[in-house]
Every structure is written in structure tokens, then in C-alpha cells.
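Notes for the one structure printed next.
In the UniProt record's numbering, the protein residues as written are 1 to 501.
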């Protein structure tokens, strides 16, 4: 009976692919993926800028080491540079802050001395570490990470920097505004004032120096899909509604209604749509609706926007060893991570650029990062407007009026109707219970109805690796294993479940 179970996966992102791949490898023959768009990969999206490969979505393998399934699969498929595979690289534990070589520029058009900024960076990293400690200790003094950081910086700066001149002190506070904008991108939020201090520490990092895919992240997607039976994925097939608990149709308790009017019956459906899509469409996507405790968790969890603006130049205006450029606005010593007038000054939210390395592979390309409502507004502008504004910004900060980009390309994740943003974060009011609720299958435990009709996977359902590709993969495996162990235990109850994830 078990291997004949009819299983439909909604969404051909990496978690959906991982779930289907795991089930097929375990001998399940009736596994299908329904994908709303014309492509696979979801938020993994590799494009080209001129002759260069650029990642519009997922960028790095975060923590490439033995416990990271993305790293292990990439190694197995031969998709990584040799240096990413070295034991030294895997052993390096940077706690989520890669040791990149920075260049700092200010809004008055000068390159700043990094030594002037380092004390601010040191204080900020200390506070980010402390922010993550409240989750285990409880008793957080502020609701949000942003409030905590601002309050602590004011107190500590008054003490630690009391003997330095006012200009340098002001500059360091402006640099902390910049670091808050960096954190907005890292966390996929509009403002660190929206990130819950109590739940911030739920996120865990893995050892290993973050690395990229030389041939593009989509290489991983294609390798996995090539191992699925032909015809497993149906593209351009949006799902209108998942009808579950169809007890009158004893054979298959789930009926999936597609936008084109076709209905597909199944024993189980694994829903892997992004949290942004779920927030917007949950009321029409499920019949009966989601149980209240699950719905409230969907609403409580945060889901924001982080976009990229790739800029290519004929020659570099940054140092040869530079890996990241930070743009410090000298009027932001009040520690802000959002702009008062989005339409007029959205560009101030862009914290700076990461430089694509190695130069031999990418030429002179850098990637600008911008999060939040400013980022969502940027998506509505024409490419010409974005190019003009970015050019003016770079000229202002470098003091060089002749710099001109060769090409510009930006992402638009908020206006992607199937994604509605970038990735999840623990908003104010969130707890570990919300992540547990996110991954709970329907019907809920204790029900007499047929179990495991609707299962949930995707980065927003991982208890500690949310917002990452490895988190997404692990959730796909988790739900596949849930079904595999369900059938193996219903055949031989003595067999333990395959996975605790």
C-alpha cells in the first residue's frame, strides 16, 4: 500500500524538490510536483548580466560544512570551487558575520578610515550576539532588536567614546545606522524594530565560510530534478484550493483544485509555498480553512523583502582586495534603518555593495543590497530610474562625477505574485511555538480523520534555519520522512521514524 500512496507537492522550489526527491528515492512512484510558474527553483534564481552569472535570489551556502545538506549535495554533484571544499574552510566559524575586507565611503564624498569605524562594528557585533542570547534566557528588556541596539549603543557610546571628538563619535553612530540596514537585509525585514528580541536567538548558524556556486545556484536544482522520473513536474499549473478532509471520497482524502479547473486527488499534499504567499492567500487556499492556532502563527511570523541591484563597471573604483563597500550617511547619527520619505530617498536604505569575486570570473561587478518598503518601492521604478539613482549615489559617495555603470540588473521579489517578498524572520510577538505550528500537518494530532493529509515545508517552517536554502531542504526531507515513517510504522510498528527534523 505505502509505495502506491499518491503524493502531490505544491511548489517546485528547493524544499518541494527535496521532498519529491526523497520520496522517489524511497520507492514512492506516484509523486508529482505542481509549479505555478514556468521554471523550477523558486527563490533560487540564476540569471546573466552580460557574460556573467548572477544570483537574483539565494546567494550563498551559509555554513558550508558536514551538517549542511546543500554543501553535501553540491560537493557530491561537483558544483563547488576547490577552496570551498578545504577542511580549513569548513572549520571556520564566523557566527554569521563573514570576515570580508571592507571599504567605507561617506555621503560627503570621501573614503573613510576603517580604523575609525571598527570600534562601532565591534560594539554592534557584540550587541547582535547579546540580542540572540535572550531567547535562551528570557526577560528581554525591549520588544525589538532595533530598540535594544539603539538603547544600548547610546549608553555604551556615552561611556566608551566619551574621550573622542564629536565628529568621530557622530560618524560611528552613522556607521551603526548602516549596520542596522545591513541587518535588515540579512533578516529580510523592513526595520530591526520589527524583529522580536525574544525570538531573535532561535536562528542558528553552521560552521564554514559562506561560499557560492561558480556555475550558479540553479545547478543544484537541475541536478536534483534530473534524478526525478520524467514528467514529475508540471509547470504553469497554479493551485487554486486544497480541499482536505474529503471523507466521502474515502479513496483520496485530498482534492487539489487547479486554476485551470482541473482537479487532482491525492492521499497527501505537501505545501511548500513561501510564507508571503501563504499570508496573502491562506483564506482561499484551504478548504476547510487552516486551524486558528496555525493561522495565527502564519500571521505572527515576519516575511519581508530584500532585493539586489547588480552593477557592472568597465573598471573598479574600489580597492583590489575589497569585498564589501559600506555607504555611511553623515546625517544618520540617530541610528535609523528606515527613511522618512520612501519616494524621495529610497536609495538611502541601500547599505552598500558586495563585490563579486574572483574578478577573473566576474569582471568588475558588485551587488547592492536593499531591504524593506524602500526596496519594494524600488521595484516599481523603471530600470533607467534605478540606474540613474544608483549612479548618482556612487558619484556622491566617491566624489568622482565620471563613474558610470556599464549595466544594471535588479531583483523584484515583492511584486513576484508567487513569492510576495524574500524570506521569513521572527517578528515581535513570535516564539518557537509559532515555528512548531508552521510545520504541523493537518489534520492536527488527536484527530480520528485520516492522518497527514496536508503537510508543510519551506524555509519558514524550519525551527532554527529559517530564511536559508539548507533550512528549506531539511524541511522537504522532514516531510518526506514523516510520510515514509508513517507507512513503514503502519506496516511494522516497531520501526523507528527516519528523521527527527
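Glycine included, C-beta positions come from ideal geometry on N, C-alpha and C. This one's a predicted model, so the numbers in the text were calculated from it and none came from an experiment.
Cβ shell of residue i (< 6 Å), same chain only, five flanking positions each side left out
| i | result |
| --- | --- |
| residue 480 | 19, 22 and 23 |
| residue 161 | 169 |
| residue 140 | 134, 197 and 198 |
| residue 16 | 9, 33 and 272 |
| residue 111 | 105 |
| residue 500 | For residue 500, the predicted structure reports a pLDDT of 40, less than 50, and the residue's modelled location is therefore unreliable. A value from the coordinates is still provided. Here the set comprises nothing. |
| residue 366 | 311, 353 and 355 |
| residue 142 | 148 and 197 |
Minimum C-alpha distance to residue i - residue among the options
| i | options | result |
| --- | --- | --- |
| residue 85 | 59, 210 and 48 | 210 |
| residue 299 | 435, 483 and 366 | 435 |
| residue 208 | 359, 217, 109 and 95 | 95 |
| residue 276 | 461, 71 and 45 | 461 |
| residue 77 | 114, 225 and 48 | 225 |
| residue 360 | 437, 53 and 74 | 53 |
| residue 81 | 93, 188, 57 and 358 | 358 |
| residue 55 | 108, 219 and 314 | 219 |
| residue 458 | 303, 451 and 381 | 303 |
| residue 400 | 439, 316, 288 and 285 | 316 |
| residue 57 | 144, 467 and 264 | 467 |
| residue 448 | 333, 423, 245 and 283 | 245 |
| residue 100 | 121, 108 and 107 | 121 |
| residue 398 | 424, 328, 14 and 289 | 328 |
| residue 89 | 131, 62, 151 and 114 | 62 |
| residue 83 | 477, 214 and 292 | 214 |
| residue 381 | 69, 164, 132 and 415 | 415 |
| residue 369 | 26, 385, 25 and 422 | 422 |
| residue 119 | 93, 393, 362 and 175 | 175 |
| residue 344 | 364, 385, 405 and 363 | 385 |
| residue 262 | 270, 234 and 251 | 234 |
| residue 25 | 39, 40 and 3 | 3 |
| residue 164 | 478, 116 and 314 | 116 |
DSSP bridge partner residues for residue i (one or two, in chain order)
| i | result |
| --- | --- |
| residue 255 | 243 and 265 |
| residue 211 | 61 |
| residue 41 | 13 |
| residue 33 | 9 and 233 |
| residue 367 | 310 and 354 |
| residue 46 | 55 |
| residue 455 | 270 |
| residue 102 | 324 |
| residue 427 | 195 |
| residue 290 | Residue 290 is not bridged to any residue. |
| residue 278 | Partner(s): none; residue 278 has no beta bridge. |
| residue 302 | 425 |
| residue 442 | 454 |
| residue 136 | Paired residue(s): none; residue 136 is not in a bridge. |
| residue 170 | BP columns for residue 170 are empty, so no partner. |
| residue 144 | 196 |
Close beta carbons around residue i, own chain, < 8 Å, minus the five adjacent residues each side
| i | result |
| --- | --- |
| residue 157 | 123, 169, 172 and 173 |
| residue 419 | 42, 43, 274, 276, 277 and 413 |
| residue 5 | 28, 30, 267, 268, 483 and 487 |
| residue 91 | 65, 207 and 208 |
| residue 282 | 289, 290, 295 and 298 |
| residue 393 | 327, 347 and 350 |
Other residues of its chain near residue i: CB distance less than 7 Å, five sequence neighbours each side excluded
| i | result |
| --- | --- |
| residue 337 | 146, 177, 180, 181, 184, 191 and 192 |
| residue 342 | 373, 374 and 377 |
| residue 464 | 202, 203 and 204 |
| residue 212 | 59 and 60 |
| residue 223 | 77 |
| residue 346 | 339, 374, 377 and 378 |
| residue 103 | 111, 318, 319, 322 and 325 |
| residue 1 | The predicted model places residue 1 with a pLDDT of 43, which falls under 50 and marks its position as unreliable; any figure quoted below should be read in that light. So no residue of the chain qualifies. |
| residue 11 | 35, 42, 272 and 273 |
| residue 46 | 53, 55, 216, 217 and 218 |
| residue 232 | 20, 31, 32 and 33 |
| residue 144 | 192, 193, 194, 195, 196, 197 and 428 |
| residue 444 | 291 |
| residue 280 | 420 |
| residue 229 | 24 |
| residue 293 | 437 |
Closer than 7 Å: residue i CB and nearest the ligand ZN heavy atom
| i | result |
| --- | --- |
| residue 110 | What this structure holds is no ligand at all, so the ligand ZN is not there to describe. |
Inset, instruction - Taking 8 Å as the threshold, find out whether the stretch 403-419 comes into contact with the stretch 307-321 through three or more Cβ pairs. - result: yes
Legend entry - Continuous alpha helix (DSSP H) assignments of at least 4 residues falling wholly in the stretch 373-413: 383-398
Inset, instruction - Could I get the ranges of all uninterrupted beta strand (DSSP E) runs contained in the stretch 68-123, with 3 residues as the minimum, in chain order? - result: 102-106
Inset, instruction - Spell out a yes or no on whether the stretch 234-242 and the stretch 255-268 are touching, meaning 3 or more CB-CB pairs, one atom from each, closer than 8 Å. - result: yes
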